Amino acid sequence: MTEVLPPFSGDDPKCAKCGNSGASTEYRAYGTCIHGSGPETSIGFEANERLHRECRRCDYAWDEATTGAASDD
Numbered sequence: 000m001t002e003v004l005p006p007f008s009g010d011d012p013k014c015a016k017c018g019n020s021g022a023s024t025e026y027r028a029y030g031t032c033i034h035g036s037g038p039e040t041s042i043g044f045e046a047n048e049r050l051h052r053e054c055r056r057c058d059y060a061w062d063e064a065t066t067g068a069a070s071d072d
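Take the sequence shown: its letter number 39 is residue 38 in numbering that gives the first Met the number 0, and every next letter is one higher.
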């Protein structure tokens with residue numbers, strides 16, 4: 000089963016939790032995904048490739064779809 004991810008939100012996304020603009024981005028081909036901290040932490044295995052985003056202010060994390068554009072750099 001493949002989860003449908005929200006589209007890539009650009010280089011300066013707005014956090015849904017605190018409203019801060021700016022998040023780090025990490026490409027993940029597959030594997031363990033950990034979101035949140037404390038009692039709201041969710042841990043799972045994601046089989047699909049994705050971009051893992053994390054707010055620079057509050058550390059809220061979410062996943063987005065890749066842009067679909069690959070480069071040979």
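No residue lacks a Cβ here, since even glycine has one placed at the ideal position from N, Cα and C.
If you're wondering where the values come from, they're calculated on a predicted model, not measured in any experiment.
Boundaries of the beta strand (DSSP E) around ASP62: 60–63.
For the set THR66, TYR59 and TYR26, the Cα lying nearest the Cα of SER20 is the one of TYR59.
Annotation: the continuous beta strand (DSSP E) that includes THR24 extends over 22–27. In this structure, CYS57 lies away from LYS13, with their beta-carbon atoms at least 9 angstroms apart.
In chain order, LEU4, ARG49 and HIS51 place their CB closer than 6 angstroms to the CB of ASP62, counting only its own chain and leaving out the 5 sequence neighbours on each side.
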